[in-house]
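This report concerns only the one structure given below.
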Amino acid sequence: MRKTSIVLACLAATASLALVGCDVRKTQEGNVEVPKYEVSKTKEGDVTLPKYDVTAPKVDVSTTEKEVKVPEVKVESKEATITVPKIDVTPASEVAAQKDGDKVAQKK
């Protein structure tokens, strides 16, 4: 039960980090011309939506073992080895730089 709640908490933290770490660049301007109405329609509408390139961060989730003191039912405590989550986040700017470097290497 305790292990499950720890894993769920880590997954929620990872999801929130993934949303915050995105790098968004606008690649095309948007345009919306709303049709004008009087008694009759005088102009057709034209809609061009903006385009965006989104580079998400790279997130590596793994586990590592740590020794921690775990209380027993008795008042004494003992050392125990448990598995705890380990999260590595590569910011979106570094992921984009790696992609740009890979493109340059492929062209050569």
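Converting from the sequence shown to my numbering requires adding 63 to each position, the first position being numbered 1. Glycine included, C-beta positions come from ideal geometry on N, C-alpha and C.
query	result
Considering only C-alpha positions, which residue in the set V97, V117, P98 and D163 is nearest to K89?	V117
Can you check DSSP and say which residues form a bridge with D109?	E96
Output the distance between the C-alpha atoms of D165 and Y100, rounded to the nearest integer angstrom.	52 Å
Starting from the C-beta of L112, find all residues in its chain whose C-beta is less than 6 Å away, skip the five residues before and the five after it, and write them out in chain order.	G93
Who are the near neighbours of S140 in its chain, counting only those whose CB is closer than 8 Å to its CB and skipping five residues on each side?	K132, V133 and P134
Below 7 Å CB to CB, which residues in the same chain sit around A159 once its five sequence neighbours on both sides are set aside?	D86 and T118
Can you give me the Cβ contacts of A155 inside the same chain, cut-off strictly under 7 Å, excluding the 5 residues immediately before and after it?	G84, C85, D86, T118, A119 and P120
Could you have a look at E142 and say whether DSSP puts it in helix, strand or coil?	strand
Under the DSSP definition of a beta bridge, which residues are partnered with S125?	K149
Report the residue from E157, V152, E130 and P148 whose alpha carbon sits nearest the alpha carbon of E142.	E130
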